[in-house]
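Structure record follows, encoded as structure tokens.
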Amino acid sequence: MVKVYANLIIAKRRTIDTVPEHLREAVIEELLSRGYDENGDPIGD
Numbered sequence: 002m003v004k005v006y007a008n009l010i011i012a013k014r015r016t017i018d019t020v021p022e023h024l025r026e027a028v029i030e031e032l033l034s035r036g037y038d039e040n041g042d043p044i045g046d
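Throughout the sequence shown, residue numbering follows the numbering used here, covering 2 to 46 in sequence.
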């Protein structure tokens, strides 16, 4: 489910606030590992 929520956030179909509390930290870590911030926006240049 972590990857599913991460994909939805990147696609702007969900926000981190809609992720269940117990998964939120793992989803943020997944987003960061893919190069995105917790809002699904690319990190970097």
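Ideal Cβ positions, reconstructed from N, Cα and C, are used throughout, including at glycine.
CA-to-CA distance, isoleucine 11 to glutamate 39, given in whole angstroms:
Working through the sequence shown from its first residue, we reach residue 39 at position 38. Working through the sequence shown from its first residue, we reach residue 11 at position 10. Approximately 9 Å between the Cα atoms of the pair.
Taking the C-alpha atoms as reference points, what is the distance between valine 5 and glycine 45?
On the sequence shown, residue 5 is found 4 positions in, with the first residue counted as 1. On the sequence shown, residue 45 is found 44 positions in, with the first residue counted as 1. Whole-angstrom Cα-Cα distance: 23 Å.
Based on DSSP bridge pairs, tell me the residues matched to tyrosine 37.
Here residue 37 corresponds to residue number 36 of the sequence shown, with the count starting at 1. Among the bridge pairs identified by DSSP, tyrosine 37 is matched with Pro43.
For threonine 16, does the three-state DSSP call read helix, strand or coil?
The residue you call residue 16 lines up with position 15 of the sequence shown. The answer is coil: DSSP assigns threonine 16 none of H, G, I, E or B.
Pull up the distance between the alpha-carbon of glutamate 30 and that of tyrosine 37, whole angstroms please.
Here residue 30 refers to the residue found at position 29 of the sequence shown. Here residue 37 refers to the residue found at position 36 of the sequence shown. Just so you know, the alpha carbons of glutamate 30 and tyrosine 37 end up roughly 9 Å apart.
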